[in-house]
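Trainee:
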Amino acid sequence: RVGVGEVFVGAGQSNSTNFGQFPTKQTLGMSATTDGAKWRIADDPMLGQHDGTTGGSYYPSLGDILYKEFQVPIGFASTGHGGTAIESWLPGTDLYRWMMTRIGQLGKGGFRALLWHQGEANVNTPTDISFNNMKRIIKTSVYEAGWNFPWFVAKVSYHNPDQPSWPLIRAAHQQLWDEGVAMEGPDTDVLTGKMRDYDGKGIHLSPEGLKAHAELWAEKLIPYIYECIDEVK
């Protein structure tokens, strides 16, 4: 089995799955989504997420951006579940097994990185608990997979315009970056106003917000991919 392109696993809660206000479509025909058994073009809803949602996601736009940059096919394996706390993903849980099944199906070296977008459900959890639980998930997943794939962890806490940023979980995400447990993902708490659904009052993303979400991920992923390419040369 030979694959050519850039593949990513997505995990986390609702803004990593199909909870966007409306489904969106890729525009270039060069990105795909998988549930581990089959692949199809990466139009929403993504295949493979755990929660069965049917709305929009950031993956179609991210696929277009990355294809334009690298001129190779792009693939996504979305495994998330809306409303889930970090504790729901600890080793031994159904969600952890779901994620690890997809990682195993893709195989060693079968994807570039895991993209983690979660935090809204842990805004009141003490920072040290969130950090230690995330560290356990990350380290165990890499060990069980048998190869050292990177986790990109987004900084996420936004609930609504009156509660746009929560320090405890943001500090946990920062600590993961600072201690080298995870790579630095985007800070998506900056997606406010018209970027959110329900005329800016919601926790999920409008079509414009989904595109902006993808652009934030691309800002982190593109330099990293070039670094990986340079290392191979």
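Residues in the sequence shown are numbered from 391 upward in steps of one, following this note's numbering. We put the beta carbon where it would ideally sit given N, CA and C, even for glycine.
(1) Cα separation between G419 and I431?
(2) Report the three-state DSSP secondary structure of H550 (helix, strand or coil).
(3) Is it buried or exposed for K559, if we count other Cβ within 10 angstroms and need 16 for buried?
(4) Which partner residues does H507 have in the DSSP bridge list?
(5) In this structure, how does DSSP classify F542 when only helix, strand and coil are distinguished?
(6) For I559, which of helix, strand or coil comes out of DSSP?
(7) Leaving out five residues before and five after Y457 in sequence, what residues of the same chain have Cβ atoms less than 8 Å from its Cβ?
(8) Tell me whether F409 is buried or exposed, calling it buried when 16 or more other Cβ atoms sit within 10 Å of its Cβ.
(9) Please classify P613: is it buried, with 16 or more other beta-carbons within 10 angstroms of its beta-carbon, or exposed?
(10) Hey, G426 and G438 are a contact pair by Cβ (cut 8 Å); roughly how many whole angstroms apart?
(11) Would you check if there are 3 or more beta carbon pairs closer than 8 Å linking the region 507 to 514 to the region 538 to 552?
(12) Would you decide whether V580 is buried or exposed? Buried here means 16 or more other CB atoms lie within 10 Å of its CB.
(13) Give the range of the alpha helix (DSSP H) segment to which M420 is assigned.
(14) By Cβ distance below 6 Å, which residues in the same chain neighbour D587 in space, the five residues on each side in sequence not counted?
Mentor: According to the data block:
(1) 7 Å
(2) One point to set straight first is that residue 550 is Asn, not His, in the sequence displayed. Here N550 sits in strand by DSSP.
(3) For the sequence presented, residue 559 should be read as Ile rather than Lys. Buried, by the Cβ-count rule.
(4) For H507, which the question treats as bridged, DSSP gives the partners G402.
(5) strand
(6) helix
(7) Here the set comprises L418, M420, S421, P463, I464.
(8) Classification of F409: buried, given that the 10 Å Cβ count is 16 or more.
(9) exposed
(10) 6 Å
(11) yes
(12) exposed
(13) First-last for M420: undefined, no H or E at that position.
(14) Short of 6 Å from the beta carbon of D587, and not among the five residues preceding or following it, lie these beta carbons of its own chain, in chain order: Q411, H594, S596.
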